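So the sequence shown is numbered by UniProt numbering: it starts at 1 and just counts up by one. All C-beta atoms, glycine included, are put in the ideal place defined by N, C-alpha and C. Computed from a predicted structure; not experimentally measured. Encoded as structure tokens, the structure appears first; notes follow it.
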Amino acid sequence: MVLKCESLPLAISLLGGVLIKKKSIDEWELVNRNINKYLYKREGLEKEKKIDGVLNLSYEDLPYYLKPCLLYIGQFREDQIIYIGTLYRLWIAEGMISHDHGHGDNETLMDIAELYLNELVSRSIVHVEVEDFLKEQRYISCRLHDVVRKLCLSKARKEDFGLQIIENDQSGNFSTLLDPKTRHLVIHCHEVQVELENDGFTATRDDSRTYVRSLQFLNVVNKKKIEFPQSMLDLDRFKLLRVLLIRGCNFKGRKLPKGIANLVHLKYLGLFYCALDELPSSISNLRYLYTLELLGSWDVRVPNVLKKMHRLKHLVLPYYKKENIGEYRLRLEGLEELEILYGFDSLVHDLKSVTKMKNLQYFEAIAHDNQSVSSIINAITTNWKKLHFCKLVIEHGCEITPTKEGSMFLKQVFTCPNLHYLWIHVHVGTLIHECHNEIIGSRIVRLQLMECEINEDPMEILGKLPSLQQLFLSNRSYVGKNLKCHALGFPCLKNLVLKCLPNLKEWRVEKGAMPALSEIEISRCLRLKMVPYGLRFVATLKKLKITGMRKFGKRVLADEGEDFNKVRHVTSIIVVN
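Written as structure tokens, this is what we have:
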């Protein structure tokens, strides 16, 4: 079989993905015979055709419920990062995920979507980026090989999947014929200025927009927001939409088009990095809405009508600048069935309702006062038994005083059992050293310290965090002169950032410290004298980035750098002056 693949790595990998699901020699023999059917045994056949043949075999071997999920991934651009959570939520809204293929009664549709992707990954059809998360591997993002994506687009056409991808030309003109079979419409906008002709889409005998089930309008330039072409995409004509995703757009008058309120079948509404002031209260008409995502759309005011949307399971709220909040408050009562809540802000949102959400699996919060922090920690410990992931940002307004109460407060945070990402942006001083006994049991995976003004080297204590993979020390988080990473410290650390530490002069790394470290970034630590000698023992180090430190950066350059021998094993060294 390897010979038939002509030793092409992609073809062998895909064929292996087929074979891994076969449990007997007879089944392997059947695959071997079927290869001939797909590889067209002709002399001189191009290697690309060989890969296409194995690809077809791999696709045909998929269970029926995985085929539409794979074809759906084909709509993403070749260079686009596909974030796992958004992909799962889109699959769910499109009706591609079913409880029939789960493994347990308590599984959510998000859990089953993960099973689907896991099977595609095991067959080597989809490639994923993973991270180690508390001794388990977790998917972050995924992508398709260019050849696999081409197969998806080809199969989508042949099997009437109804996928149409429109790219605007260099003039910004979107005028095109909308295929009457289109069910999934994706529009990639490459220009800031969008010109329209003939009301955007060329008319057909019947209005094809009526039959579109999902619409994505995406600004793929991302340098500047574009105007959403409301005349072209008159949402009143997309009456059967289940999915509406808009990214990187300005809206006329900073208001959503009125037609959104009439999309009563909508299950997914995503407004990514869009500029608007508020959502209309008429979104309460969207009674079937399962997911509302406002990722990266700052200061958007959501009306107090969410309690009418009883099917809402996934809520990603916008972030708010403190000075823009004013008297605005959003109540979250009636959403006890939520499974995902990102973007909770104690200045804006009602915490009492949130602590009653017993089905929460993913939670992210920004807390501006001690009471909110304590309530969140208490809810994690007592109410949220299904929690898989939690991120907490402790912002200005919280007071961690150098008292017994302040020490107990910090210990409560560090020892919280299901707190995984912790950002502390307030003064801590010496208190972190009083938590050294409790830190050993912490489950924190990412820790970011800013403006903490710790004056005594914290590395020996932080090095005892058993699950810590990413550590950010930035913006006066440490104001002392010396840092020392001790032998056997930071056993799981992969990423380390030292940024804007104004007094740091010497950094030492003992042999055996940070045995899993892969990336370091040092930025604007202007008094730091030299690269630690101990980095030469960190064999796993792949990337070193130095920013805004001209003299220090020269020390690591090949040939002339005084410290180059310490980092000559590092694959990528980047110096940005």
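Distance, Cα to Cα, Leu66 vs His99?
Using only the alpha carbons, I get a separation of about 14 Å.
Would you tell me roughly how many angstroms separate the C-alpha atoms of Ile25 and Ser7, rounded to the nearest one?
Distance between the alpha carbons of Ile25 and Ser7: 22 Å.
Return the chain-ordered ranges of every beta strand (DSSP E) run that is complete within the region 335-417 and spans a minimum of 3 residues.
Whole beta strand (DSSP E) segments, 3+ residues: 340-345, 362-367, 389-394.
Does the beta-carbon distance from Val126 to Cys152 come in below 8 Å?
Taking 8 Å as the Cβ cut-off, Val126 and Cys152 do not qualify as a contacting pair.
Cys435 by DSSP, collapsed to three states: which one?
DSSP places Cys435 in helix when its eight states are reduced to three.
Can you grab the Cα-Cα spacing for the pair Gly463 / Leu332, in whole Å?
Roughly 39 Å between the two C-alpha positions.
Would you check if there are 3 or more beta carbon pairs closer than 8 Å linking the region 265-276 to the region 235-245?
The region 265-276, when compared against the region 235-245, does touch it at the 8 Å Cβ threshold.
Cα separation between Glu195 and Glu227?
A caution first: Glu195 carries a pLDDT of 48, below 50, which makes its placement in the model too unreliable to give a value.
To which residues does DSSP link Cys485 through a beta bridge?
BP columns for Cys485 point to Val509.
Which residue comes first and which comes last in the beta strand (DSSP E) that contains Cys525?
Counting along the chain, Cys525 falls outside any beta strand (DSSP E), and DSSP gives it neither H nor E.
What would DSSP say about Asn495, mapped onto helix, strand or coil?
Strand.
For Val576 and Val128, I'd like the C-alpha separation in whole angstroms.
About 30 Å.
Can you check DSSP and say which residues form a bridge with His127?
His127 is bridged to Arg143.
Check this for me: beta carbons of Leu493 and Leu473, under 8 Å apart or not?
In this structure, Leu473 does not lie closer than 8 Å to Leu493 by Cβ.
What are the start and end residues of the alpha helix (DSSP H) that includes Trp423?
That residue, Trp423, is in no alpha helix (DSSP H); its beta strand (DSSP E) goes 421-424.
For Gly253, count neighbouring C-beta atoms within 10 Å of its own C-beta (all shown protein chains included) and say buried if the count is 16 or more, exposed if not.
Gly253 is exposed by the Cβ-count criterion.
Under the three-state reduction of DSSP, which class applies to Asp179: helix, strand or coil?
Asp179: coil per DSSP, three-state reduction.
Can we say the region 321-329 touches the region 373-381, given the rule of at least three CB pairs closer than 8 Å?
Short answer: they don't touch.
Using a threshold of 7 Å, is the CB atom of Gln469 nearer than that to any non-hydrogen atom of the ligand ATP?
For the structure depicted, the ligand ATP is absent and the ligand set is empty, with no information on it obtainable.
Tell me where the beta strand (DSSP E) around Thr430 begins and ends.
Looking at the DSSP string, Thr430 is not in any beta strand (DSSP E), and its letter there is neither H nor E.
Name the residue from Arg568, Tyr342, Leu55 whose alpha carbon lies nearest to the alpha carbon of Val393.
When only C-alpha atoms are compared, the closest one is Tyr342.
Check whether the region 410-430 and the region 94-108 touch, using three or more Cβ-Cβ pairs below 8 Å as the test.
Verdict: no, contact absent.
From which residue to which residue does the alpha helix (DSSP H) around Val567 run?
First-last of the alpha helix (DSSP H) with Val567: 564-567.
Roughly how many whole angstroms lie between the Cα atoms of Asp277 and Lys21?
One C-alpha to the other measures close to 51 Å.
Would you kindly check if the distance between the Cβ of Leu233 and the Cβ of Phe251 is under 8 Å?
Not closer than 8 Å, so no.
Since Val18 contacts Arg123 with CB under 8 Å, what's their CB separation in whole angstroms?
Contact holds; Cβ gap of about 7 Å.
State the Cα-Cα distance for the pair Glu43 and Glu519, rounded to the nearest angstrom.
Interpretation of Glu43 is limited by its pLDDT of 43, a score under 50 that renders its predicted location unreliable; the figure taken from the coordinates is listed afterwards. Looking at the two C-alpha atoms, the distance is approximately 48 Å.
So what's residue 602 in DSSP terms, helix, strand or just coil?
The structure shown has nothing for residue 602, since the chain only spans 1 to 577.
With C-beta atoms as the reference, is Asn475 less than 8 Å away from Cys500?
Yes.
Taking the C-alpha atoms as reference points, what is the distance between Glu521 and Ser467?
For Glu521 and Ser467, the distance between alpha carbons rounds to 20 Å.
Cα-Cα, which of Glu438, Leu117, Asp160 is closest to Leu144?
The candidate whose alpha carbon is nearest that of Leu144 is Leu117.
Can you tell me whether DSSP reads Tyr268 as helix, strand or coil?
DSSP places Tyr268 in strand when its eight states are reduced to three.
Tell me the residue span of the alpha helix (DSSP H) that contains Met309.
Looking at the DSSP string, Met309 is not in any alpha helix (DSSP H), and its letter there is neither H nor E.
Rounding to the nearest angstrom, what Cα-Cα distance links Lys23 and Glu29 in this structure?
Near 11 Å, if we compare the C-alpha coordinates of Glu29 and Lys23.
Measure the alpha-carbon distance for Asn198 versus Arg209 and round it to whole angstroms.
Caution applies to Asn198, whose pLDDT of 40 falls short of 50 and renders its modelled position unreliable; the value that the coordinates give is listed next. Straight-line Cα distance between these residues: approximately 15 Å.
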